[in-house]
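For reference, the structure discussed in these notes is given below.
Protein chains: 2
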Amino acid sequence: MSSTHLGIPKGTRDFGPNIMAKRQYIFQSIQGVFKKFGFQPLETPSMENLSVLTGKYGDEGDQLLYKIVDSGDFLKKANTADFEAGYKKLLPAIATKGLRYDLTVPFARYVAMHRHEISFPFKRYQMQPVWRADRPQKGRYREFYQCDADVVGTSSLLCEAEIISMINQVFSVLGLVDYSINLNHRQLLVGISEAIGAPGMQTELAVSLDKLNKIGPEKVLQELESKGFKSHQLTALEPLLQWQGTWEQLRDPLSEFLKDSASGQKGIDDIEVILQHVKAMGHTDPKVIVNVSLARGLAYYTGAIFEVVDNKVSIGSICGGGRYDDLTGVFGLPDVSGVGISFGVDRIYDVMEQLNLFPDEDLSFSKVLLVALDDQSEHHALGVLSNLRKNGIASEIYPDRSKLKKPLSYANKKRVPVVVLIGQDEISSGKLTVKHMAEGTQEQLTEQELVGLLTKENG
Amino acid sequence: MSSTHLGIPKGTRDFGPNIMAKRQYIFQSIQGVFKKFGFQPLETPSMENLSVLTGKYGDEGDQLLYKIVDSGDFLKKANTADFEAGYKKLLPAIATKGLRYDLTVPFARYVAMHRHEISFPFKRYQMQPVWRADRPQKGRYREFYQCDADVVGTSSLLCEAEIISMINQVFSVLGLVDYSINLNHRQLLVGISEAIGAPGMQTELAVSLDKLNKIGPEKVLQELESKGFKSHQLTALEPLLQWQGTWEQLRDPLSEFLKDSASGQKGIDDIEVILQHVKAMGHTDPKVIVNVSLARGLAYYTGAIFEVVDNKVSIGSICGGGRYDDLTGVFGLPDVSGVGISFGVDRIYDVMEQLNLFPDEDLSFSKVLLVALDDQSEHHALGVLSNLRKNGIASEIYPDRSKLKKPLSYANKKRVPVVVLIGQDEISSGKLTVKHMAEGTQEQLTEQELVGLLTKENG
């Protein structure tokens, strides 16, 4: 049939074995840290009712939701007038389910639904794909994984400290060393609005500040002006756009700047406590930069906010999160405070690829390929194969009889480090012919010696 | 807001922490065996173009595909006549993508698309959810995981033997002991059609035989009669419906029954070779039952077919697969023979739950919960916490200050086996108060003794 069948939808990807090996390495590393910090796994359905998803991500987000056509006669609730009125009018009649847009809203829905079974504080992690009908572009996909960890049901600042500790451990396990954890606090932004004489304008302020890295300080100030900020307010704000540094550097000037704002003082106190906790956890260099222009787009944050960037690879945020006070309120469960973090696997992958951080030994598949040289030797080879696997060694036998070139090329392409030839000579001598692919060397080993060699390499 | 927001779509499920722990145990066990056999991971997008999916699963399957509404103005290609003509006519104009129905078709699409990069034989495994707009009922879901392993690009019967070996290893790792691997061969069904005087009728025969366990032999024969099988043909067939047994029991009567059928002989020879290979792999009891009435529904099988049932829990097939000769032909790549197996995680879960096979130690999360008894002790506790984690011990600190009842109840519900109390007394004596939750005992240990105790329990 025609090759038109062979594409995949725009913005989606196949992950072949070599990419998968690297992705699994990232997922397992993150999951290992989540577990060590006492987070428990959760999975929610790919589809949610549109009533759960709609209205949670702003108008733009609603546009980007993937909607699923109702099963069977999806037009049974629609009439010609709906159709004539256009797609926005018809949609609710033909689609009641959508694919999840993130893991946060399904998590909030889960917590509200299962509030009576959950023992709070609830620490959950979730690693699942999400879907957004975004315009595909470099580094932006329509299906991608999120790796989230959240604690809900406590307002303790220990949680923020644990998240900073967790970020450090994840990137340490992955071998990233030169990154910064940008830290800010929504109450500092409230305080700054007050201090510059624009109380209550923190949301407008945050939305514009969020673009600082993309469009630069001048355009941020222009945008704020167009939102109604007065020129003396912008003059007061301008120096703060450069305020990034260690807490030791920023604490005093911030305290001075925000001395008349209770909210600002709350932000300062929280950051102080969080960083003391981090220190008590033994982190001598937690790579935290306090950055008062860090805003993060999402409306639901109310306390500390985090964003991690790699200092060598310019790719934007590779991890981000923050404290929220009312995530589940919209689902009928008010006043549940929590704090969460999300690791951006696709970007972390790109950073690690650029910095060559994937360890070779974790990316190989089988440790050994057996090649039977004739039919009579095949059954002997199968015994060796079972013995290797019994010893926990990932092993294969080349299934077809062919010239040696083919299995050797197969081993090369699949990065199998050892090829073992088994023929009549090997069976009668009791010594297998062992080829080391990388070195191009060959030796004769007994079956037991082979197992010893490969378990040593494994360990 | 209203509680109507709180549901999830029919036929889908949330997997909370306790269920997830068990599911992860199953997935990891299967994945471990797949890797040991040299299978490599693959992931394909959740969405495929409907041109890839449609027409691969029969008319009924096409009905069960979830279709995704095209982004933006999905009506721009539709006109009122399409709408008036009904949903079947309108659908292609408004939806061009669907959710995958299984992992086999996306795999075939992947192989055809990437034929020039893949080194054959290609051994891949894939563990991802699939979606079917089926009527929800007990044990049948609209979103569920499949765990597939396939080898393509070789017709060697070693692959069938490896699959039987792999099935045995997976169930051995999971602790299942009393199961049967039903084995049949499509060419035996061809031969049986010929031997009963109904050559070419093997598909009709297979479709009816597939229902044998559900509707019994009488109704199978009635159904075959209605399909045009003659009474002398049914009389010849009837005794075979009972033919199940070891290969030693069935080989001779089958050879006799099929002595005039070349296809039948091919089936017999294949099974003979497969089981010899399995024996050579050291399986003294591979639990294989040859069952000539095993049919399996899917049209694409051409050789050996497998289906595993648990002998204690009646839940149907928990694993199945077979040899196919032309899976990728429809995507423009003919003559690629392969053999695959699929593990049914949901049913395996149910069987293991009923037989109480989940090992307790793999289902707990944190090994220890620290409780600081006052603010002054908190920073000391954070140091202990970091030290425990540094030693690879999954550990938590209770984040809120409260009466001891709350953290103890939290530990109980989350099955944390050890709770450690840290207050002024503990800090000054250098001995932590360690509570063993299951035993209800308490002892005083130094930090080092605590680490020793918990790493010992871990190992």
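Residue numbers (this note's numbering), protein chains in the order written: chain A, 1168 to 1626; chain B, 1168 to 1626.
Don't be surprised by glycine CBs; every beta carbon is placed ideally from N, CA and C.
Please read these numbers as outputs of a predicted model, since none were measured by experiment.
*asked:* By the DSSP assignment, the alpha helix (DSSP H) with Val1319(A) in it spans what residues?
replied: The count along the first sequence starts at 1 and reaches residue 1319(A) at position 152. Element bounds for Val1319(A): not the alpha helix (DSSP H) but the beta strand (DSSP E), Glu1310 to Val1319.
*How big is the Cα-Cα spacing for Ile1285(A) and Leu1500(B)?*
Stepping through the first sequence from its first residue, residue 1285(A) is reached at position 118. Stepping through the second sequence from its first residue, residue 1500(B) is reached at position 333. One C-alpha to the other measures close to 51 Å.
*Could you check the C-alpha separation between Leu1324(B) and Leu1266(B) for me, to the nearest Å?*
Your numbering for residue 1324(B) matches position 157 in the second sequence. Your numbering for residue 1266(B) matches position 99 in the second sequence. The C-alpha of Leu1324(B) lies about 33 Å from the C-alpha of Leu1266(B).
*Is any beta-carbon of chain B found at less than 8 Å from that of Gln1543(A)?*
The sequence position of residue 1543(A) within the first sequence is 376, counting from 1. For Gln1543(A), no Cβ of chain B is located within less than 8 Å of the residue's own Cβ.
_Please identify, using Cβ separations under 7 Å, the residues of the segment 1443-1468 of chain B that lie next to chain A, in order along the chain._
From the segment 1443-1468 of chain B, only His1444, Ala1447, Met1448 and Gly1449 have a Cβ closer than 7 Å to chain A.
*Quick one: give me the first and last residue of the beta strand (DSSP E) that Gln1293(B) is part of.*
Here residue 1293(B) is taken as the residue at index 126 of the second sequence, counted from 1. For Gln1293(B), the uninterrupted beta strand (DSSP E) segment begins and ends at Phe1289 to Trp1298.
*Run through DSSP, which three-state label would Phe1182(A) get?*
One-based indexing of the first sequence puts residue 1182(A) at position 15. Phe1182(A) carries a strand assignment under DSSP once its states are collapsed to helix, strand and coil.
*Quick one: what does DSSP say Ala1471(A) is sitting in, helix, strand or coil?*
In the first sequence, the residue the question calls residue 1471(A) occupies position 304. DSSP places Ala1471(A) in strand when its eight states are reduced to three.
*What does DSSP give as the partner residues of Ser1509(B) in its beta bridges?*
Taking the first residue of the second sequence as 1, we reach residue 1509(B) at position 342. According to DSSP, which records beta bridges pairwise, Ser1509(B) is partnered with Asp1315(B) and Gly1487(B).
*Please check if any C-beta of chain B sits within less than 8 Å of the C-beta of Arg1291(A).*
For the purposes of this step, residue 1291(A) is taken as the residue at position 124 of the first sequence. Taking Cβ atoms only, chain B reaches closer than 8 Å to Arg1291(A), which makes this a yes.
*7 Å Cβ shell around Gly1228(A) - same chain, five flanking residues per side excluded*: By 1-based counting over the first sequence, the position of residue 1228(A) is 61. If we look at Gly1228(A) and ignore the five residues flanking it on each side, its Cβ neighbours are Tyr1268.
*Neighbouring residues, chain A, relative to Arg1276(B) (Cβ below 7 Å)*: Position 109 of the second sequence holds residue 1276(B). What Arg1276(B) touches in chain A: Leu1173.
*Give the DSSP-derived three-state secondary structure of Ser1562(B) in the structure shown.*
On the second sequence, residue 1562(B) is found 395 positions in, with the first residue counted as 1. Ser1562(B) carries a strand assignment under DSSP once its states are collapsed to helix, strand and coil.
*asked:* What does the alpha-carbon distance come out to for the pair Lys1189(B) and Asp1527(B)?
replied: Taking the second sequence and counting its residues from 1, the one referred to as residue 1189(B) is at position 22. Taking the second sequence and counting its residues from 1, the one referred to as residue 1527(B) is at position 360. Distance between the alpha carbons of Lys1189(B) and Asp1527(B): 10 Å.
*Using a Cβ cut-off of 8 Å (strictly closer), state whether Met1168(B) contacts chain A.*
The residue given as residue 1168(B) occupies position 1 in the second sequence. Any answer about Met1168(B) is weak, because its pLDDT of 40 lies below 50 and its placement is not dependable; what the coordinates show is given next. Yes - at least one Cβ of chain A is within 8 Å of the one on Met1168(B).
*Tell me, please, whether the CB atom of Ser1504(A) is closer than 8 Å to any CB atom in chain E?*
Here chain E cannot be found, since the structure's protein chains are A and B.
*Straight-line Cα distance separating Glu1310(B) from Glu1520(B)*: Reading the second sequence from its first residue, position 353 is the one you call residue 1520(B). Reading the second sequence from its first residue, position 143 is the one you call residue 1310(B). Going from the Cα of Glu1520(B) to the Cα of Glu1310(B) covers about 20 Å.
*Using a C-beta cutoff of 8 Å, does Thr1613(A) count as contacting chain B?*
On the first sequence, residue 1613(A) is found 446 positions in, with the first residue counted as 1. Taking CB atoms only, Thr1613(A) has no neighbour in chain B less than 8 Å away.
_Segments of 3+ residues assigned as beta strand (DSSP E) that fall wholly inside the segment 1528-1575 of chain B_ = You should have 1535-1539 and 1562-1564.
*asked:* Buried or exposed, going by whether 16 or more other CB atoms sit within 10 Å of the CB of Arg1302(B)?
replied: Counting from 1 along the second sequence, the entry for residue 1302(B) is found at position 135. By the neighbour-count rule (16 or more Cβ atoms within 10 Å), Arg1302(B) is not buried but exposed.
*What is the DSSP secondary structure of Lys1394(B), counted as helix, strand or coil?*
Walking along the second sequence from the start, residue 1394(B) turns up at place 227. It is coil, neither helix nor strand.
_Tell me the rounded alpha-carbon separation between Glu1610(A) and Lys1623(A)._
For the purposes of this step, residue 1610(A) is taken as residue 443 along the first sequence, with counting starting at 1. For the purposes of this step, residue 1623(A) is taken as residue 456 along the first sequence, with counting starting at 1. Straight-line spacing of the CA atoms in Glu1610(A) and Lys1623(A) works out to 17 Å.
*asked:* Taking 8 Å as the limit between beta carbons, can you name the residues of its chain near Ile1334(B), skipping five residues before and five after?
replied: Taking the first residue of the second sequence as 1, we reach residue 1334(B) at position 167. These residues qualify, in order along the chain: Ile1348, Phe1473, Val1475, Cys1486 and Ile1508.
*Identity of the residues DSSP links to Ser1347(B) by a beta bridge*: Sequence index remark: in the second sequence, residue 1347(B) carries index 180 (1-based). Its beta-bridge partners are Val1476(B).
*List, in order along the chain, the chain B residues whose C-beta lies closer than 7 Å to that of Phe1510(A)?*
Working through the first sequence from its first residue, we reach residue 1510(A) at position 343. Near Phe1510(A) there are no residues of chain B at all, since even the closest Cβ is about 18 Å away, more than 7 Å.
*From the DSSP output, read off the bridge partner residues of Glu1215(A).*
Residue 1215(A) sits at position 48 when you count from the first residue of the first sequence. Under DSSP, Glu1215(A) shares a beta bridge with Gly1265(A).
*Of all the options Ser1360(B), Ile1515(B), Val1583(B) and Asp1493(B), which has the alpha carbon lying nearest to the alpha carbon of Ile1482(B)?*
Translated into the one-based positions of the second sequence, residue 1482(B) becomes position 315. The option with the nearest alpha carbon to Ile1482(B) is Ile1515(B).
*Does DSSP put Gly1627(B) in a helix, a strand or coil?*
In this structure chain B extends from 1168 to 1626, so residue 1627(B) is not present and cannot be described.
*Residues in the segment 1466-1489 of chain B with C-beta within 8 Å of chain A's C-beta atoms, listed in sequence order?*
Under the 8 Å Cβ criterion, the segment 1466-1489 of chain B contributes no residue.
_Only counting the same chain, and skipping five residues up and downstream in sequence, which positions put a Cβ closer than 6 Å to that of Ser1531(A)?_
Mapped onto the first sequence, residue 1531(A) falls at position 364. Here the set comprises Arg1582.
_With three or more C-beta pairs closer than 8 Å as the rule, is the segment 1198-1217 of chain A touching the segment 1290-1301 of chain A?_
Between the segment 1290-1301 of chain A and the segment 1198-1217 of chain A there are three or more C-beta pairs closer than 8 Å, enough to call the two in contact.
*Under 8 Å between beta-carbons, which chain A residues line up against Leu1552(B)? List them in chain order, please.*
Taking the second sequence and counting its residues from 1, one reaches residue 1552(B) at position 385. Those within 8 Å of Leu1552(B) in chain A are Met1448.
*Report the partner residues of His1352(B) according to the DSSP bridge assignment.*
To locate residue 1352(B), count along the second sequence from 1; it is residue 185. Paired residues: Ala1471(B).
*Does Lys1244(B) get closer than 8 Å to chain A when you measure Cβ to Cβ?*
As a first step, residue 1244(B) is located in the second sequence; it is residue number 77 there, counting from the start. Not an interface residue.
*Mark Lys1479(B) as exposed unless 16 or more other C-beta atoms lie within 10 angstroms of its C-beta, in which case mark it buried.*
Locating residue 1479(B) in the second sequence gives position 312, counting from the first residue. Under this definition Lys1479(B) is an exposed residue.
*Return yes when the Cβ of Ala1362(A) is within less than 8 Å of the Cβ of Leu1425(A), no when it is not.*
Working through the first sequence from its first residue, we reach residue 1425(A) at position 258. Working through the first sequence from its first residue, we reach residue 1362(A) at position 195. Yes, the Cβ-Cβ distance between Leu1425(A) and Ala1362(A) is below 8 Å.
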